[in-house]
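Q: The structure follows.
Numbering (my numbering), first residue to last: 1 to 128.
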């Protein structure tokens, strides 16, 4: 009777191992298989959190930060980089060429931000 239980446990372990080998992404989510208890974060998740939390974005590195976030698929870093670029666009235009800005953030986004900055400058000039 004890040998049957041992065989059953071994068979179950082999089935789990086969699922992990065939479908590694199904076992690597943020939750365990019972969907209740948070799982241990993956090494990639830990690295992404660390890079995001330690990164200081400024006018000099904002484009590099966005490019790095996109290249390495770090959503939090991408969001922070994009937000910084939108909020600091006029400052970025003093540090980076229009060609570089358009290449990194994309021509449509660059054109929109440039147009918004020009409109803001016009409105500010009217108030003076």
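We treat Cβ as the ideally placed atom computed from N, Cα and C, and that holds for glycine.
Provide the residue span of the alpha helix (DSSP H) that contains residue 102, from first to last.
A: Here the alpha helix (DSSP H) through residue 102 covers 98-105.
Q: Between the segment 77-94 and the segment 50-69, are three or more C-beta pairs nearer than 8 Å?
A: The segment 77-94 is in contact with the segment 50-69.
Q: Straight-line CA distance for residue 86 to residue 47?
A: Their backbone Cα atoms lie some 26 Å apart in a straight line.
Q: Give the range of the alpha helix (DSSP H) segment to which residue 49 is assigned.
A: Note, residue 49: alpha helix (DSSP H), 43-54.
Q: So, is residue 105 buried or exposed, given that buried needs 16 or more other C-beta atoms within 10 angstroms?
A: Buried: at least 16 other Cβ atoms inside 10 Å.
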